[in-house]
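Report on the structure given below.
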Amino acid sequence: MLARSTLREIKDSLGRYLALMLIIALGVGFFAGLKVTDPAMRTSMHQYLTENEFYDFRLLSSVGFEQQDIDYLKDNLGARYVEESIAFDIITEVDDTSYVLKAISLPSDINKIVLVDGTLPAKDDECVVDMKLFDSSHIGNTILLSDSNESEDTDKFAYKKYRICGIVKSPLYIQYERGTTTLGTGVLDGFMYVKKGAFDVAYFTDCYVKLDSDPQLYSDEYDQLINDNEDAVQAALDYVANARYQRIVEDATAELDDARKELEDTKAEKGQELSDAKTELDDAKKKLTSAKKSISEYEDMESQLQNGLDEMLANINQMEQAMAIDASLVDQAQYQGLVAAYQENSAKLYTLQSNLKDAKRKYESGKQEYEDGLKEYEDGLQEFNEKIADAEAEIDDAQKEIDDIEEATTYLLDRGSNPGYVCFESDSTIVGAIANVFPVFFFLVAALVCMTTMGRMVEDQRTQIGVLKALGYSNASIMGKFVFYSGSAALVGAIIGFILGTISFPKAIWYAYQMMYNTSDVDYYFSPVMLTISFIVAVICSVGVTVITCRYEMAEMAASLMRPKAPKAGKRIFLEYIPFFWNRLKFLKKVSLRNIFRYKGRLVMMVLGIGGCTALLVAGFGIYDSIADIAVNQYTNISLYDMDITLKNGADGTVPVVEKYGYNEEQYLLYYHTSVDLEAGKHKKNIYLNVYEDDVNLASFIDMHDRKKNTISINELKDNQVIINHGLCDRYGIKLGDRITLSSEDLQPATFVVAGINQNFINNNVYMTRSVYENSFGALPERKNLYLNIEESEDAHEIGAKLMNEKEITVVSSSVDMLDRVENMMASLNIIIYLVIGCAMALAAVVVYNLTNINISERVREIATVKVLGFYKEETRSYVFRENILLAFMGAAVGLGLGKLLHAFVMSEIVVDLITFDVRVTVLSYGLSFILTIVFTFIINMLMGKKLEEISMTESLKAVE
């Protein structure tokens with residue numbers, strides 16, 4: 001009988017039953033959905049990174065790695081995997097479009113890529129590319145190395161073009177960011193993977209280490225695993241880096257020694273050749289001298305013979321003249337002897353002249369050969385000297401290069417160096433923090449409405465309860481009817497809410513996060529604990545309040561219950577004691593106000609129920625207000641500099657590496673930057689310390705002010721005074737005048753007085769002057785950091801790329817990039833806010849509907865009586881719903897205050913390291929929350945108008961006399 005009665009009750013009050021079920025479903029769905037989203041996201045990310053063997057350590061060395069270094073690490077680290085990698089940035093062209101890509105060697109064990117489409121490279125001139133930048137239509141296209149690359153960059157590659165054979169995603173790039181570069185605009189557009197044979201280098205640029213175990217992401221167990229292995233990995237890295245450095249120096253020295261020996265051998269060989277040539281030239285010169293002397297002797301002999309012949313010829317002519325006169329006058333024998341002598345000497349002269357001519361010809365030929373040989377010798381000697389000088393200069397330069405080879409610098413990076421990995425922890429933490437607060441308030445509102453609903457239902461069933469008691473049913477049996485009614489609604493609602501919430505919330509939130517993260521889809525995460533808690537809370541909110549409500553009715557006698565409950569005695573309300581207000585009201589408005597304040601229980605329930613929904617809306621909108629503009633505020637209103645640069649070596653005063661680009665001392669500011677441990681009371685936190693000169697002018701670089709926009713001057717700091725961020729003060733209860741302690745491994749603890757609290761949203765900083773630092777810690781170390789303001793016409797990325805090419809600079813952080821990064825991270829949180837606001841709106845609609853339904857049910861006889869009195873349809877609606885509108889205004893007003901408190905509490909629970917939220921609720925958010933509540937009330941009134949029309953005027957006859 002009771003079962004049939006209960007089922008009939010459900011059928012007759014289906015609207016109330018469904019409303020109760022929907023409220024529980026919303027509460028459970030919101031609670032379970034948000035609570036499982038954080039672990040679902042982390043579990044899915046953990047699975048993705050574990051399946052693809054995401055690295056635990058990334059090892060870098062300024063001298064690179066050789067295979068023997070990798071083998072040593074494999075043998076000594078005891079890790080699951082140790083894998084070498086090659087990676088270089090390069091400017092490429094694809095379909096006449098220029099991209100700056102990071103070319104990475106294909107991994108086999110660590111950081112495995114996921115093939116989205118196509119195939120993996122089979123040849124050295126094939127590649128797979130970033131799915132963020134390319135799609136399947138690019139498969140088969142060619143990536144060309146751009147001519148705008150420096151030769152030293154293209155020389156690292158074995159080919160000038162690579163064929164795209166597939167599209168992939170990589171665990172190294174789980175976020176949208178691809179990193180910075182020294183090429184192009186300074187920002188990487190994407191990545192490409194190639195086989196190791198695609199590179200033309202004999203070393204590896206990176207080494208990744210994957211440890212044996214896979215604790216949950218961001219867990220204490222994982223942090224402990226890293227801490228336990230960090231020292232061993234660092235020691236091994238230092239060892240191989242130093243060994244590699246020694247090999248480089250030894251190989252270079254050996255090559256230099258070989259070059260020196262080759263030079264000495266060349267000097268000896270060429271020197272001997274030149275010496276032999278010089279000896280030959282000397283011999284030739286001697287021969288030329290001797291030949292010249294012989295020619296001179298020949299010429300003397302020729303002259304003597306010629307003179308003798310001339311004399312003989314004169315004598316012969318005289319004899320012949322005499323013989324012509326008288327033959328007897330000449331001795332014929334003498335004449336004949338003279339003629340014979342003349343002919344003999346003429347023959348001798350001819351022979352002598354012929355010999356002289358040959359001697360001269362040979363002399364001239366020998367002289368020419370000597371001169372040619374001499375010139376060749378002198379040219380060879382000069383060339384030899386020049387080559388020797390060049391070789392000696394090259395050897396000296398090589399020796400200088402060897403002497404200048406810096407000892408290996410090593411970098412041991414864990415997952416915290418990967419931007420995507422770090423940002424994902426912050427994002428999921430925010431989801432978890434919201435899940436810890438909002439659902440509780442949701443359930444409180446749901447419990448309040450359930451209490452009102454079941455309270456009204458029990459009161460309506462007083463007569464029936466009395467009849468059942470009179471028939472002999474026990475209190476437990478009768479209470480079971482109501483428990484089943486509320487419990488079944490709660491259980492069904494809890495099941496529906498849990499299923500829909502745990503499926504839809506993680507997927508909806510992950511859908512939004514996929515703007516930033518490119519991994520796998522979020523997997524369904526079933527939490528038995530959440531299911532149990534959801535059911536327990538649902539039962540408490542429904543069955544618990546039912547038992548409490550029924551307990552008072554069950555205590556009455558059956559006869560008392562079967563008699564209608566006497567109407568509440570009328571009495572004046574407090575507004576009637578305000579004549580100038582009350583006397584001006586019309587009769588029906590006075591009736592409405594009396595009805596509102598006469599039934600205080602209904603008033604409280606209605607105001608709190610509607611106010612709770614308004615509070616949820618205020619908190620939801622307030623979260624958006626608190627996170628939406630922090631990046632813009634930080635990098636446009638507080639951090640005014642364009643770049644934050646880290647130098648390799650310290651500077652003092654001027655910084656030539658930036659001045660050569662045309663920047664003067666008014667455009668950059670040198671400062672000291674380090675990390676220290678801050679202690680305030682029982683709290684300890686690692687923060688950043690910035691130290692500036694005593695006479696520093698920060699106005700162009702940092703607008704230092706408090707939350708009231710009052711300017712804070714760092715130049716006024718004295719003795720041991722410092723300035724600290726407001727986020728740290730809020731988190732650790734630090735106030736002006738409080739003392740804090742700063743220390744580090746290199747600095748002994750020192751106590752400082754908080755002289756200023758500045759507004760800052762990104763990073764946790766403490767600021768002091770040089771004199772304050774030196775008074776407490778001693779001499780200030782070298783300053784390696786500087787702020788830089790560029791010209792408005794310049795592009796920050798291009799300037800950053802140029803600066804990153806400088807050996808004196810190690811890090812260039814652009815404010816534009818930081819602004820984009822934080823804004824994108826905050827933008828992905830909007831889906832959470834939309835879900836909160838959407839669920840709050842749905843809850844508000846259900847609550848207003850349910851409370852309005854209860855209000856009408858309570859006043860059926862009154863409404864019927866009003867109809868009997870001749871009220872028209874619209875007048876009846878106005879009479880009834882006027883109270884709803886007034887209660888909605890009152891509830892919304894109360895909700896604004898509750899929302900402010902709820903928002904403050906929620907924001908205090910959302911703690912993200914390095915980020916301080918701008919906790920505030922704008923006037924617009926208050927206005928939207930208020931208006932939406934009133935709008936819901938008007939909509940519900942319109943929908944419930946039909947129910948008023950269905951009330952029969954005969955109901956007025958059932959009024960208690």
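Numbering-wise, the UniProt record's numbering puts 614 at position 614 of the sequence shown, and it's gapless, one number per residue.
Just so it is clear, CB atoms sit at the ideal spot from N, CA and C, and this is done for glycine as well.
- The continuous stretches of alpha helix (DSSP H) do not include T916, and DSSP gives it neither H nor E.
- Following the DSSP letters along the chain, one finds L145 inside the beta strand (DSSP E) bounded by residues 142-145.
- Secondary structure of E806 (DSSP, three-state): coil.
- Counting along the chain, I723 sits inside the beta strand (DSSP E) bounded by residues 721-725.
- Nearest in C-alpha terms to T92, of all of L77, M45, G140, S148, is S148.
- Around the beta carbon of D817, 16 or more other beta carbons lie within 10 angstroms, which makes this residue buried.
- Beta-bridge partners of Q306 (DSSP): none assigned.
- Distance from the Cα of G432 is smallest, within the candidate group T37, L698, G420, L374, for T37.
- Secondary structure of N317 (DSSP, three-state): helix.
- Secondary structure note for D372: it is in no beta strand (DSSP E), and the uninterrupted alpha helix (DSSP H) holding it is 332-404.
- Separation of G895 and I723 (C-alpha to C-alpha, rounded to the nearest whole angstrom) is 38 Å.
- Approximately 13 Å separates the beta-carbon atoms of T546 and R16; this is outside 8 Å, ruling out the contact.
- In its chain, beyond the 5 residues on either side, I863, V866, K867, L948 have a beta carbon closer than 8 Å to the beta carbon of T876.
- The DSSP-derived three-state label of V63 is strand.
- In the three-state reduction of the DSSP assignment, G78 falls in the coil class, being assigned neither a helical nor a strand state.
- The beta carbons of K160 and L172 sit no closer together than 9 Å.
- If you ignore the 5 residues before and after A538, its C-beta comes within less than 6 Å of the C-beta of I24, V28, A490, A494, all in its own chain and listed in chain order.
- A distance below 9 Å separates the beta carbons of I139 and D117.
- By the neighbour-count definition (other C-beta atoms within 10 Å, threshold 16), T409 is an exposed residue.
- As the crow flies, the alpha-carbon of S428 is around 28 Å from that of F134.
- Rounded to the nearest angstrom, the Cβ distance from V100 to D189 is 5 Å, consistent with a contact under 8 Å.
- I533: member of the alpha helix (DSSP H) spanning 528-539, first to last residue.
- Sorting L689, N764, V128 by C-alpha distance to the C-alpha of T916 places N764 at the top.
- When secondary structure is reduced to three states using DSSP, D228 falls in the helix class.
- Cβ atoms of C541 and M479 stay farther apart than 8 Å, at about 17 Å.
- At a Cβ-Cβ threshold of 9 Å, L717 and T769 count as neighbours.
- Apart from sequence neighbours up to five positions away, the residues of its chain that approach K685 with a beta-carbon distance below 6 Å are L678, ordered along the chain.
- In the structure shown, L669 falls within a strand segment according to DSSP collapsed to helix, strand and coil.
- Taking every protein chain shown into account, the CB of P749 has fewer than 16 other CB atoms within 10 angstroms, so this residue is exposed.
- One alpha carbon belongs to V522, the other to I833, and they sit about 19 Å apart.
- By the neighbour-count criterion, in which a residue is buried when 16 or more other Cβ atoms sit within 10 angstroms of its Cβ, H683 is exposed.
- Counting along the chain, the unbroken alpha helix (DSSP H) around V36 starts and ends at 14-51.
- The DSSP assignment places complete beta strand (DSSP E) segments of no fewer than 3 residues inside the stretch 410-445 at 410-414, in order along the chain.
- Note on the stretch 611-670: whole alpha helix (DSSP H) runs with a minimum of 4 residues are 656-659, in chain order.
- For I90, the enclosing beta strand (DSSP E) has its first and last residue at 87-94.
- DSSP places G870 outside both helix and strand once states are collapsed to three, so it counts as coil.
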